[in-house]
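All residue numbers for the sequence shown refer to my numbering, where the first residue is 3 and numbers rise by one.
The beta carbon of each residue, even a glycine, is placed where N, CA and C say it ideally should be.
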Amino acid sequence: MGRWAGLLTAFFVLLVSPLVNSAQTDCGVVDVVQYPVDDATWELAQGYNVASPRHQGRFHTGADLYGGRNATFASPVRAIANGRITYSYALGWGRDGGAIIIEHTFPDGSVYYSMYGHVMPVSGEDLPPRLSCVQAGEIIAAVADVRPAPHLHFEIRVNTPDAPGAGYTREAPQDLGYRDPLQFVANQQTWLQSYHLWHTLADHDLQAPPLLLNDNSFLYIDDGVTLRRATSDGRVLWRKRLEKVAVSVTSFQGSSLLTFADGTMQFVDADGNFGDAWRVPDFQPTSAPIIAQSWLLFPTADNELVAVDENRRNVLWRVEDVPGIARWRIVGSDLNWVLGLLTTHNEVLTIAGSGVVLERAPLREMASFGDGADNTLLAYTYGGLWQIDLDGEWTLQLPDAPRGGNQAAFETTSAGHRILFDGQTMQSYDADDTLLWQTSINGITGRAELTQYAGINLLLTEHGDIAVINGAGRLCGQTRIFGRTGSLIWHDLGDNGTLRLALADQILGLDWADFTQTC
């Protein structure tokens, strides 16, 4: 009897499974993801995974979005993507309003659920019924009048399609199937594009740049104590648990070298086998180094900048009072180089290759660096574009330059043109200070970095903005992934045509030709 029951059960599962899959996809496969409210005007009132004093320290399972005084109540709430409603009840949270849950099927077959809490029916209508289909951008509800003020509670889940939940939990939300909703939307907006090739997610935000290997695979450090190697398309080949905290992995003598926070250095090969190790005396690095010709320059726990020699065995010199590195640039060759370094306290240090500090200049806001003529350094600041010579002397280079600052970026091209971005507008000047073009770029926020590949300008920010501007100043591609203030920004255009980026907790590859096809 048990045997027949098992066969009948298996037959029933085979019979029903296609129907379940069909039900999931009857409402369409996701092809676009958007925010449930206007992300340009609404603000984050309480973030995901934040402990709430009002709820005995429990963790928030979603993001609370607020549109401002007298602008939130009764505002429309939209479906983030095509999907099927699995829960819809106007009293789902009692006096705190209703809730809607929508099931979304993605092109790779994965299923996620978006949840909208503190909502009410749109005037004169009911909430959309359970099992009905909705389209991306369709109005499904309005923000209700709830405590402590009208707002939208927005969640992303991988399970629990038929219950609104409590909005807070004593356990880590990630472990219960919740995901950061704003991170999810930002990433999916890029991952669904044709130019997205691959991505890999780390457990924590990356603190050091990946190390590229000859076959376009790469090594990277996750959470300080895990070393991973990923293929050229982002698949993790292996992971090694480290016995202590590592701050960087760099290339040395044809191999890879780990640097640990206690001053130890150790070889590691492409298969994850560890080799010789040694300790540099009086040396406690805190983050990835500046590569200065054959030397490495590390910030340390003692607020110093320490130069380690070409053999990675000895300290050559130290510069005191360097609280942290925000940006840097080296100009010159051999030992006749000058380092422009912006500290995390917005002070520019000009340091010679000998370790002598040529100049310290406190600034109002951040600065960006570029190459000037005759091995000079250019600094783009709130006060304009300046030239810094090998003696550390500052000279105003471009009197009419727009103000730089915290969201500005600067790059000198191979043709000698100077590209300035002030946070809103990008401008190009030739070597004679003639303005060649300018273009506005909307929606860019956060610390920015600017570079050029094959004559196309690439603009990146810590908040995840990615934009390309051609040599004539035309914006020809723009997208965004998730980023946050303080995120590492790293980029490389590989010989396989893949633009590799590292930002916050992800490394991803974009098809450069596809992304820049309209340039």
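Straight-line gap, Thr518 to Ile292 (C-alpha atoms, nearest Å): For the purposes of this step, residue 518 is identified with residue 516 of the sequence shown, where counting begins at 1. For the purposes of this step, residue 292 is identified with residue 290 of the sequence shown, where counting begins at 1. In a straight line, the C-alpha of Thr518 is about 30 angstroms away from that of Ile292.
Test item: CB-CB of Arg449 and Thr487 under 9 angstroms: On the sequence shown, residue 449 is found 447 positions in, with the first residue counted as 1. On the sequence shown, residue 487 is found 485 positions in, with the first residue counted as 1. A contact, by the Cβ cut-off of 9 angstroms.
Bounding residues of the alpha helix (DSSP H) (the contiguous stretch that carries Thr192): Taking the sequence shown and counting its residues from 1, one reaches residue 192 at position 190. Looking at the DSSP string, the run of the alpha helix (DSSP H) that includes Thr192 is Pro183 to Trp193.
Contact check, Arg320 vs Val308, beta carbons under 9 angstroms: One-based indexing of the sequence shown puts residue 320 at position 318. One-based indexing of the sequence shown puts residue 308 at position 306. Yes, the Cβ-Cβ distance between Arg320 and Val308 is below 9 angstroms.
Candidates Val317, Glu312, Ser296 and Met368, of which the one nearest Glu306 by Cα: Counting from 1 along the sequence shown, the entry for residue 306 is found at position 304. Residue Val317 is the option with its Cα nearest to Glu306.
Where the beta strand (DSSP E) containing Phe412 begins and where it ends: Stepping through the sequence shown from its first residue, residue 412 is reached at position 410. Here the beta strand (DSSP E) through Phe412 covers Ala411 to Thr414.
Residue interval of the beta strand (DSSP E) (run including Ala450): For this step, residue 450 is matched to residue 448 along the sequence shown. Looking at the DSSP string, the run of the beta strand (DSSP E) that includes Ala450 is Ala450 to Tyr455.
Reduced DSSP secondary structure (H/G/I, E/B, other) of Trp514: Translated into the one-based positions of the sequence shown, residue 514 becomes position 512. Residue state, collapsed to three classes: helix.
The region 197-214 / the region 172-186 touching (three or more Cβ pairs under 8 angstroms): As far as the Cβ criterion goes, the region 197-214 does not touch the region 172-186, which means the pair count is below three.
Residue range of the unbroken beta strand (DSSP E) whose run includes Gln209: Position 207 of the sequence shown holds residue 209. Segment: none, Gln209 is in no beta strand (DSSP E) and carries neither H nor E.
Extent of the continuous beta strand (DSSP E) run through Glu349: As a working note, residue 349 is residue 347 in the sequence shown. Per DSSP, Glu349 belongs to the beta strand (DSSP E) from Glu349 to Ala354.
Candidates Asp110, Ser112, Gln137 and Ala92: closest to Leu129 by CA position: In the sequence shown, residue 129 corresponds to position 127, counting from 1. Comparing Cα-Cα distances from Leu129 to each of Asp110, Ser112, Gln137 and Ala92, the minimum goes to Ala92.
For Gln480, three-class secondary structure by DSSP: To locate residue 480, count along the sequence shown from 1; it is residue 478. It is a strand residue.
Pair within 9 angstroms by beta-carbon distance, Ala522 and Leu387: Missing from the structure shown is residue 522; the chain here goes from 3 to 521 and no further.
C-beta contact flag for Asp264 and Arg281 at 9 angstroms: On the sequence shown, residue 264 is found 262 positions in, with the first residue counted as 1. On the sequence shown, residue 281 is found 279 positions in, with the first residue counted as 1. Contact: yes.
Inter-residue spacing [alpha-carbon to alpha-carbon] between Gly30 and Val238: Reading the sequence shown from its first residue, position 28 is the one you call residue 30. Reading the sequence shown from its first residue, position 236 is the one you call residue 238. Whole-angstrom Cα-Cα distance: 31 angstroms.
Cβ-Cβ distance between Leu299 and Thr261 below 9 angstroms: As a position in the sequence shown, residue 299 is number 297, starting the count at 1. As a position in the sequence shown, residue 261 is number 259, starting the count at 1. No; because the gap between Cβ atoms is not below 9 angstroms, this pair is not in contact.
Member of Thr436, Ala411 and Tyr431 whose CA lies at the smallest distance from the CA of Gly425: Reading the sequence shown from its first residue, position 423 is the one you call residue 425. Looking at the Cα atoms, Ala411 is the closest of the given residues.
Ala506 burial status per 10 Å Cβ neighbour count (16 or more: buried): One-based indexing of the sequence shown puts residue 506 at position 504. Buried, since its Cβ has 16 or more Cβ neighbours within 10 Å.
Per-residue burial, Leu343 [other beta carbons within 10 Å of its own, 16 or more giving buried]: On the sequence shown, position 341 is the one that residue 343 refers to. Buried, by the Cβ-count rule.
Ser370 to Ala469 span [Cα, whole Å]: Start at 1 with the first residue of the sequence shown, and residue 370 comes out as number 368. Start at 1 with the first residue of the sequence shown, and residue 469 comes out as number 467. Distance between the alpha carbons of Ser370 and Ala469 is about 18 angstroms.
Short Cβ contact (9 angstroms threshold) for Val148 with Asp225: Stepping through the sequence shown from its first residue, residue 148 is reached at position 146. Stepping through the sequence shown from its first residue, residue 225 is reached at position 223. Note that the C-beta distance between Val148 and Asp225 is not below 9 angstroms.
Expected contact under 8 angstroms - CB spacing of Val145 and Ala76 to nearest Å: Looking up residue 145 in the sequence shown gives position 143. Looking up residue 76 in the sequence shown gives position 74. Confirmed, about 6 angstroms.
CB contact check: Trp319 to chain B, cutoff 9 angstroms: In the displayed structure, chain B is absent; only one protein chain is listed.
Cβ neighbour criterion (16 or more within 10 Å) applied to Leu259: Your numbering for residue 259 matches position 257 in the sequence shown. That one is buried.
Own chain residues within Cβ distance below 6 angstroms of Leu208, not counting five before or after: Residue mapping note: residue 208 aligns to position 206 of the sequence shown, counting from 1. Excluding sequence neighbours, Leu208 sits near Leu490 and Ala504.
Unbroken beta strand (DSSP E) run spanning Ala403, endpoints: By 1-based counting over the sequence shown, the position of residue 403 is 401. From DSSP, Ala403 is part of no beta strand (DSSP E); its letter is neither H nor E.
For Val32 and Phe108, the rounded distance between their alpha carbons: Here residue 108 is taken as the residue at index 106 of the sequence shown, counted from 1. Here residue 32 is taken as the residue at index 30 of the sequence shown, counted from 1. Rounded to the nearest angstrom, the two C-alpha atoms are 5 angstroms apart.
Expected contact under 8 angstroms - CB spacing of Val227 and Leu214 to nearest Å: Indexing the sequence shown from 1 puts residue 227 at position 225. Indexing the sequence shown from 1 puts residue 214 at position 212. With 8 angstroms as the limit, Val227 and Leu214 do not qualify as a contact, their Cβ atoms being about 22 angstroms apart.
Limits of the beta strand (DSSP E) - the one that Leu62 falls within: As a first step, residue 62 must be located in the sequence shown, where it is residue number 60. One point to set straight first is that residue 62 is His, not Leu, in the sequence displayed. Here the beta strand (DSSP E) through His62 covers Arg60 to His62.
Distance between beta carbons of Ser134 and Ile87, contact taken as under 8 angstroms: Here residue 87 refers to the residue found at position 85 when the sequence shown is read from its first residue. Here residue 134 refers to the residue found at position 132 when the sequence shown is read from its first residue. Correct: roughly 5 angstroms between the Cβ atoms.
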